[in-house]
Amino acid sequence: MNTPLPMEEVELAPPPDAPTWLRKSQATPQSGTGRLQIKPRDAYMAAFESVDAPDYSVAEAGVDLLPAKPQPAAPLLDLSRFSLAPVGSDMGHVERPESQAAPDTSHLKVIPE
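Each residue of the sequence shown is one higher than the one before, counting from 1 in UniProt numbering.
In structure tokens:
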């Protein structure tokens with residue numbers, strides 16, 4: 001009843017060379033397309049050989065990833081005719097038009113279907 005399920009064995013690549021633990025992959029960008037061609041180093045990586053991925057690079061630690069945005073230019077507005085009210089002054093109320101009377105709907109009926 002409790003038979004073990006078959007497991008797939010994956011052949012892994014040897015660990016990177018010490019002491020730096022950094023190994024450059026055998027990658028060559030395609031000419032002018034910004035795409036990366038990688039030679040698989042083991043059977044597991046060979047499964048992803050046909051994946052089309054952009055050639056993204058990794059930035060150094062602490063580097064700003066976004067370029068600095070330029071300061072926006074202030075809009076050219078003529079505000080000379082406006083003034084500010086003193087602090088705490090009464091601004092008054094906006095007068096609203098009187099509401100109109102609702103139309104007479106007493107002659108309308110709802111007929112059930």
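Note that beta-carbon positions come from the ideal geometry of N, C-alpha and C, so glycine has one too.
{"Item": "Which residue comes first and which comes last in the alpha helix (DSSP H) that contains residue 46?", "Value": "43-46"}
{"Item": "State the Cα-Cα distance for the pair residue 41 and residue 13, rounded to the nearest angstrom.", "Value": "6 Å"}
{"Item": "Look at the alpha carbon of residue 83 and the alpha carbon of residue 71, and state the distance between them as a whole number of angstroms.", "Value": "27 Å"}
{"Item": "Could you tell me the distance, in whole angstroms, from the CA atom of residue 7 to the CA atom of residue 44?", "Value": "14 Å"}
{"Item": "Run through DSSP, which three-state label would residue 4 get?", "Value": "coil"}
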